[in-house]
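A short write-up of the structure that comes next.
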Amino acid sequence: MHKHISKILNLNQLTINEIEEICLKAIEILILDPNIPNVSTPVSVCGDIHGQLFDLIGLLKIDGTPKHRKYIFLGNYVNGNENSLECFLLLLCYKIMYPHNIFLIRGNNEQQDINKTYNFYNLLINKYGSKIWRLICDVFTYLYLGCLIDGRVLCVHAGISPKTLSLNHFKRINRFDCLNLENELEDLTCSDPFDGTGFSAMDRASGYFYGSDVTNIFLECNDLSSIIRSHQIVFEGYKFHFPDKNVATVWGAPNFINKFRNPGSFIRVESDLIINDQRLCIYCDSPQTTEMLNSVYDLYPM
């Protein structure tokens with residue numbers, strides 16, 4: 107994996123055989139893990155990356171690579187950004203090297219119909235052909251539906267579902283069967299908190315708004331203290347929702363699509379499981395140079 111990481115950080119294109127090796131080794135690890143693995147503290151929880159490779163490396167320079175620090179990523183690794191594939195493959199390389207130190211949750215962009223819309227499909231077809239796109243989409247189906255931190259903090263891409271308030275339901279389903287799970291997965295990957303009450307269907311085809319009342323019921327039913335999610339750009343880099351501030355949104359793509367001057371953020375969760383402003387790390391976008399990409403290993407050698 108060191109050779110593959112070096113090529114990614116030097117912006118050298120991986121071969122089809124190298125991509126296949128990374129994907130197949132990652133699947134061998136992911137297939138053995140539960141839908142919602144339990145992760146022990148301390149751990150850093152990171153929001154949407156959206157293919158911003160330079161900013162992903164900037165993030166890793168803060169707390170160190172997964173060799174030195176435990177991470178949960180909340181999904182949306184790819185979009186139409188030209189480095190989307192490299193972002194995802196880099197994280198897969200880390201998963202192969204340090205399987206107990208990095209956990210990759212599935213986001214809505216890791217669904218075939220969505221990443222076709224956001225040009226990820228075209229990027230891969232032009233570079234490698236349809237075989238690699240299908241393989242990457244296959245890997246997406248092995249990503250986790252969520253993670254639990256010390257059994258009490260739920261990490262999920264977007265939110266909760268009106269179809270069931272039982273987390274055990276999502277622990278038991280077959281996450282590899284995307285066709286039969288489409289609606290349930292959309293609830294986890296497309297829903298957003300709002301100031302109203304209960305659940306409210308969104309105007310778009312998928313997902314629900316969820317209020318503080320149903321969130322509190324969900325947390326109580328599952329003996330949870332809080333939820334950490336991403337999915338929505340927040341211009342301050344993060345946001346705490348509801349009067350109890352028991353839902354936190356973190357966003358991992360600073361200066362998103364080179365248009366919004368937003369910072370990025372991640373949150374450090376320690377053994378006390380406190381989720382507040384003091385545990386947040388706010389960071390700006392990184393210089394887009396190969397020197398910056400490789401500088402992470404000046405600080406944290408593999």
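According to our numbering, the stretch in the sequence shown is residues 107 to 408, in order.
Here a beta-carbon is modelled for each residue, glycine too, at the ideal position from N, C-alpha and C.
N- and C-terminal bounds of the alpha helix (DSSP H) containing residue i
i, result
"Arg278", "273 to 278"
"Cys129", "122 to 136"
"Leu159", "159 to 169"
"Leu115", "108 to 115"
Straight-line gap, residue i to residue j (C-alpha atoms, nearest Å)
i, j, result
"Phe276", "Glu397", "42 Å"
"Pro349", "Val320", "13 Å"
"Leu230", "Asn123", "15 Å"
"Asp293", "Val402", "36 Å"
"Pro148", "Gly313", "31 Å"
"Cys253", "Pro143", "5 Å"
"His110", "Tyr204", "15 Å"
"His174", "Thr247", "27 Å"
Proximity to residue i [Cα-Cα], best of the options
i, options, result
"Trp239", "Val149, Ser190, Leu197", "Ser190"
"Gly257", "Ser392, Glu134, Glu376", "Glu376"
"Ile255", "Lys237, Ile373, Tyr389, Leu136", "Ile373"
"Asn361", "Leu197, Asn225, His156", "His156"
"Leu379", "Lys201, Leu180, Lys109, Ser150", "Ser150"
"Gln384", "Asp391, Lys345, Tyr227", "Lys345"
"Asn228", "Leu291, Asp283, Asn185", "Asn185"
"Leu399", "Leu386, Gln158, Pro205, Val340", "Gln158"
"Asn141", "Cys152, Leu273, His108, Arg175", "Leu273"
"Leu330", "Gly235, Lys222, Ile163, Leu271", "Leu271"
"Thr171", "Asn187, Ile211, Lys201", "Lys201"
Residue interval of the beta strand (DSSP E) (run including residue i)
i, result
"Thr355", "353 to 356"
"Gly370", "370 to 375"
"Ala264", "Run containing Ala264: none; DSSP gives neither H nor E here."
"Tyr250", "From DSSP, Tyr250 is part of no beta strand (DSSP E); its letter is neither H nor E."
"Cys390", "Cys390 -> no beta strand (DSSP E), and no H or E assigned at all."
Quiz prompt | Length-filtered (4 minimum) alpha helix (DSSP H) runs lying within the region 176 to 238 | solution = Fully enclosed alpha helix (DSSP H) runs of 4 or longer: 190 to 203, 218 to 223, 226 to 233.
Practice problem: Could I get the ranges of all uninterrupted alpha helix (DSSP H) runs contained in the region 314 to 351, with 4 residues as the minimum, in chain order? | Solution: Positions of the alpha helix (DSSP H) runs, each at least 4 residues long and wholly inside the region 314 to 351, are given as 318 to 327 in order along the chain.
Self-check item: the region 256 to 268 / the region 125 to 136 touching (three or more Cβ pairs under 8 Å)
Solution: Cβ pair count under 8 Å is below three, so no.
Self-check item: Segment contact flag, the region 328 to 336 with the region 353 to 366, C-beta cutoff 8 Å, min 3 pairs
Solution: Output reads yes: the region 353 to 366 touches the region 328 to 336.
Quiz item: Does the count of Cβ pairs from the region 109 to 117 and the region 187 to 204 closer than 8 Å reach three?
Solution: Contact between the region 109 to 117 and the region 187 to 204 is present, because at least three Cβ pairs lie under 8 Å.
Quiz item: Is there contact here, the region 214 to 232 with the region 299 to 309, by at least three beta-carbon pairs under 8 Å?
Solution: Short answer: they don't touch.
Practice problem: Assess, as a yes-or-no matter, whether the region 133 to 143 is touched by the region 361 to 373 under the definition of 3 or more beta carbon pairs within less than 8 Å. | Solution: With the cut-off at 8 Å, the region 361 to 373 and the region 133 to 143 do not touch.
Self-check item: Touching by the beta-carbon criterion (3+ pairs, under 8 Å), the region 302 to 311 and the region 243 to 253
Solution: No: fewer than three Cβ pairs fall under 8 Å.
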